[in-house]
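Protein chains: 2
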Amino acid sequence: MARFEKVPDIVIGRLPVYLRALTRLASEGQEITSSQQLGKMLGVSSAQIRKDLSYFGEFGKQGMGYNIAHLQEQLSAILKVDREWEVVVVGAGPLAEALIREDPFAGKGFRIVALFDSRPERIGQRLAGMEILDSAQLPEVVRQRGLKVAILAVPAAEAQQVADTLVAAGIKAILSYASTTLSVPPEVRLQYNDAAAQLQRMAYYLQ
Amino acid sequence: MARFEKVPDIVIGRLPVYLRALTRLASEGQEITSSQQLGKMLGVSSAQIRKDLSYFGEFGKQGMGYNIAHLQEQLSAILKVDREWEVVVVGAGPLAEALIREDPFAGKGFRIVALFDSRPERIGQRLAGMEILDSAQLPEVVRQRGLKVAILAVPAAEAQQVADTLVAAGIKAILSYASTTLSVPPEVRLQYNDAAAQLQRMAYYLQ
DNA sequence: CTATGTGAACAACTTCACAGCC
DNA sequence: GGCTGTGAAGTTGTTCACATAG
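Encoded structure:
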């Protein structure tokens, strides 16, 4: 398939899922897989997996399937997570602590390198071994280190203002845990991590 | 629109987003809104909002717009979050602590009522004021209290086994923070809260 | 005159089905 | 024989545009 046409965002959204499944298979010692096996693991059709991959190239061998390590490399490169993006976290609360301690980004292309809070009593303290910096320094640090990715873990009331500061400082991707709708310019990517919304979506089907 | 036809899941997924926006408007003291205002806040078209709502009934007044409090009530009822679902959390780590302390479900239809771990040294301890129970008791507690909703916050290696136990005990909705693909029967709803995947999705557009 | 609710038109996405290669 | 890659067909989701109600 032409490698130049625009790839639907919905396809991009599935690549991390494929990558996770491949990691699992690799950890089990498997070397080769097929669109059918992946499809079964993930509950999607094998045709969808083949079609999704075809937006980016030809990664399989007909009659054989996909080399897992190779496909992992390719997908990592496509998603640009074949490197380590430095991430800033704003809001030194329990959630930031969980992210730093459990490090769910390890080996997935991201590393938390700076932690900010605006509450005077928190500034200078440590959280899970990481120093809490003054939010007043945020624009300077983001600019100097050229940070592009931020995680927002502040109360809803402050979220928009912090998002504005991040954007002004050059941040291009924000993952927000704040339970409020934010507004950012179109060149900045924004994702909400909203556990309450996920539960509400499932509640519809209960009973 | 016929209130009987099947509603696409993608529409259900947007209702919590609408609800969150309405909560924000209500907190700002507004009483009436329009599909256009909501659309602007959320970055979707006004037609989509009207169409989505039309699956469930007629909630607005032509020429006037929507009464915010009324629409909140209606959407809450549709999503079945006009009550409080009791939630069990499995895995007493930093993430469970963050969920209990920050309580992102407050006022959204869910309340954490039980916390389990399988590590002997953690059992009997307290986490953010909540007693850590022995995972061995999990099936019994889930059945006795008739719990339907679970949050999975255990290491990837244990996640599938815990999910199986939850399902066997009668859980119908699982929100998993484990970074691994799970398999559950079709009558059980499953959502992944995968921050790494969300960052990876945005990384594609960086640079 | 404003803003909803909704068929009809359109666009996006998914699945089918098969040629081509291993 | 098995499995990929992909146009074509089919399905689902979104936007248009307007009749209708306040």
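Each protein sequence line maps, in turn, to chains U and R.
If you use my numbering, the first sequence corresponds to residues 1 to 207, in order.
If you use my numbering, the second sequence corresponds to residues 1 to 207, in order.
Backbone N, C-alpha and C define an ideal beta-carbon position, used for all residues, glycine too.
Being a predicted model, the structure only gives us computed values, none of them experimental.
> For chain R, is any of its Cβ atoms less than 8 Å away from the one on residue 206 of chain U?
Replying inline: yes
>> Measuring only the C-alpha atoms, how far is residue 104 of chain U from residue 30 of chain R?
In response: 39 Å
> When you check each C-beta in the segment 63-76 of chain R against every C-beta of chain U, which residues fall closer than 7 Å?
Replying inline: none
> Rounded to a whole number of angstroms, what is the C-alpha to C-alpha distance between residue 99 of chain R and residue 92 of chain U?
Replying inline: 15 Å
> Got a sec, what are the start and stop residues for the alpha helix (DSSP H) residue 53 of chain U sits in?
Replying inline: Secondary structure note for residue 53 of chain U: its alpha helix (DSSP H) is the uninterrupted segment 46-54.
>> For a quick check, are the C-beta atoms of residue 180 of chain R and residue 145 of chain U less than 8 Å apart?
In response: For residue 180 of chain R and residue 145 of chain U, no; Cβs fall outside 8 Å.
>> Below 8 Å on the Cβ atoms is my contact criterion, and I expect residue 208 of chain R with residue 90 of chain R to pass it. Report the Cβ-Cβ distance as a whole number of Å.
In response: This structure gives no information on residue 208 of chain R, because the portion of chain R shown stretches from 1 to 207.
>> I'd like to confirm something about residue 195 of chain U: is its beta-carbon nearer than 7 Å to some heavy atom of the ligand MG, or not?
In response: Among the components modelled here there is no ligand, and therefore nothing to report on the ligand MG.
>> For a contact defined as C-beta to C-beta under 7 Å, what are the partners of residue 12 of chain R on chain U?
In response: In chain order: 201, 204.
> Helix, strand or coil: which one does DSSP assign to residue 33 of chain U?
Replying inline: Three-state DSSP puts residue 33 of chain U in a strand.
>> For the beta strand (DSSP E) containing residue 191 of chain U, name the first residue and the last one.
In response: 189-192
> Leaving out the 5 sequence neighbours to the left and right, which residues in its chain are closer than 8 Å to residue 70 of chain U when beta-carbon positions are compared?
Replying inline: Closer than 8 Å at Cβ, skipping near neighbours: 59.
> Are the segment 190-207 of chain R and the segment 113-122 of chain U touching, with three or more C-beta to C-beta distances below 8 Å?
Replying inline: no
> Identify the residues that DSSP records as bridge partners of residue 110 of chain U: which are they?
Replying inline: U:85
> Does any CB atom of chain U fall closer than 8 Å to the CB of residue 28 of chain R?
Replying inline: no
>> Rounded to the nearest angstrom, what separates residue 129 of chain U and residue 111 of chain U at their Cα positions?
In response: One Cα belongs to residue 129 of chain U, the other to residue 111 of chain U, and the distance between them is close to 14 Å.
>> In this structure, how does DSSP classify residue 100 of chain U when only helix, strand and coil are distinguished?
In response: helix
> By Cβ distance, which residues of its chain are closer than 6 Å to residue 189 of chain R, with the 5 residues on each side in sequence left out?
Replying inline: 173
>> Which residues in chain R have a C-beta closer than 8 Å to the C-beta of residue 102 of chain U? List them in chain order.
In response: 93, 94, 95
> What does residue 33 of chain U reach in chain R if we use C-beta pairs closer than 7 Å?
Replying inline: Simply none; closest approach about 13 Å.
>> Judging by CA-CA distance, which residue of R:35, R:78, R:46 is the nearest neighbour of residue 13 of chain R?
In response: The residue with the shortest Cα to Cα distance from residue 13 of chain R is R:78.
> Under the DSSP definition of a beta bridge, which residues are partnered with residue 13 of chain R?
Replying inline: Paired residues: none, contrary to the question.
>> Which residues in chain U have a C-beta closer than 9 Å to the C-beta of residue 61 of chain R? List them in chain order.
In response: Per Cβ cutoff of 9 Å: no residues; residue 61 of chain R is ~24 Å from chain U at best.
>> List, in chain order, every chain R residue whose beta-carbon is nearer than 9 Å to that of residue 109 of chain U.
In response: 196, 199, 200, 203
>> Within a Cβ cutoff of 6 Å, which residues of the same chain sit near residue 35 of chain U, ignoring the five residues on either side of it in sequence?
In response: 46, 49, 50
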